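Undergrad: The opening residue of the sequence shown carries number 1 in the UniProt record's numbering; numbering runs sequentially from there.
Every residue, glycine too, gets a C-beta built ideally from N, C-alpha and C.
Remember, predicted model here, so these are calculated numbers, not experimental data.
Got a structure here, written out as structure tokens. Questions coming.
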Amino acid sequence: MNKHFAATEEEIKIAGKKIVTVKSMEIGIFYVGGRFYAWRNVCPHAGAPVCKGLINGTTLPTDVYEYEFGCEGQILRCPWHGWEFDLTDGHHLAADSKFKLRGYPIAVEEGNVYLIL
Numbered sequence: 001m002n003k004h005f006a007a008t009e010e011e012i013k014i015a016g017k018k019i020v021t022v023k024s025m026e027i028g029i030f031y032v033g034g035r036f037y038a039w040r041n042v043c044p045h046a047g048a049p050v051c052k053g054l055i056n057g058t059t060l061p062t063d064v065y066e067y068e069f070g071c072e073g074q075i076l077r078c079p080w081h082g083w084e085f086d087l088t089d090g091h092h093l094a095a096d097s098k099f100k101l102r103g104y105p106i107a108v109e110e111g112n113v114y115l116i117l
């Protein structure tokens, strides 16, 4: 496995995300809750460029006729079909879903963010 420079910490922190190409793969790097996460830019549902989707929150499980919004800035919504993925673990939000984003390890050294591939 090799280290590949992706961006500076500051660049990703300001924008919230950056999509880079490494080894012919597009990978989205996200800054969520003080940590960096890297996900392949391919939705497991239909192959969409998922990392180009909106980052928001989602409705949380509640009692009938009650609505609670949470996970602000942690949920990635696929631009093609609206599937939602948790940026902290890559899982699709449906309770019984086996779909998950493909993740990659990250190293942060001296203000730079590297992908380990």
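(1) Count the CB pairs spanning the stretch 26 to 44 and the stretch 94 to 106 that are closer than 8 Å, and state whether there are at least three.
(2) With LYS52 and TYR31 assumed to form a contact (beta carbons below 8 Å), what rounded beta-carbon distance in angstroms separates them?
(3) Is the beta carbon of THR58 sitting closer than 9 Å to the one on LEU93?
(4) DSSP beta-bridge partners for residue 201?
(5) Quick test of your reading: ILE75 and ILE55, contact by CB under 8 Å. State the CB separation rounded to the nearest angstrom.
(6) Could you give the residue range of the beta strand (DSSP E) that holds GLU109?
(7) Per DSSP, what are the beta-bridge partners of ILE19 in this structure?
(8) The beta strand (DSSP E) that contains ASN41, what's its start and end?
(9) Residues in the same chain with beta-carbon distance under 6 Å from GLU68, minus the five sequence neighbours each way, listed in chain order, please.
(10) Going by beta carbon distance, what residues of the same chain come within less than 8 Å of THR8, once the five residues before and after it are set aside?
(11) For LYS23, count the other beta carbons within 10 Å of its own beta carbon; 16 or more makes it buried, fewer makes it exposed. Which is it?
(12) Between GLY90 and the rest of its own chain, which residues show a CB-CB distance below 7 Å, the 5 nearest in sequence each way excluded?
TA: Looking at the coordinates:
(1) yes
(2) Position 52 of the sequence shown, counted from the start, is the residue given in the question as residue 52. Position 31 of the sequence shown, counted from the start, is the residue given in the question as residue 31. With a Cβ gap of about 16 Å, LYS52 and TYR31 do not count as contacting.
(3) Here residue 58 is taken as the residue at index 58 of the sequence shown, counted from 1. Here residue 93 is taken as the residue at index 93 of the sequence shown, counted from 1. A contact, by the Cβ cut-off of 9 Å.
(4) No statement about residue 201 is possible, as the shown extent of the chain runs from 1 to 117 and does not include it.
(5) Stepping through the sequence shown from its first residue, residue 75 is reached at position 75. Stepping through the sequence shown from its first residue, residue 55 is reached at position 55. Confirmed, Cβ separation roughly 7 Å.
(6) Position 109 of the sequence shown holds residue 109. Run containing GLU109: 106 to 109, per the beta strand (DSSP E) assignment.
(7) For this step, residue 19 is matched to residue 19 along the sequence shown. GLY28.
(8) Translated into the one-based positions of the sequence shown, residue 41 becomes position 41. No beta strand (DSSP E) contains ASN41, which DSSP labels as neither H nor E.
(9) Working through the sequence shown from its first residue, we reach residue 68 at position 68. Same-chain partners within the cutoff: LEU60, THR62.
(10) Here residue 8 is taken as the residue at index 8 of the sequence shown, counted from 1. These residues qualify, in order along the chain: GLY111, ASN112, VAL113.
(11) As a position in the sequence shown, residue 23 is number 23, starting the count at 1. LYS23 comes out exposed.
(12) What you label residue 90 is simply residue 90 of the sequence shown in a count that begins at 1. The answer, listed in chain order, is TRP39, LYS100, LEU101, GLY103.
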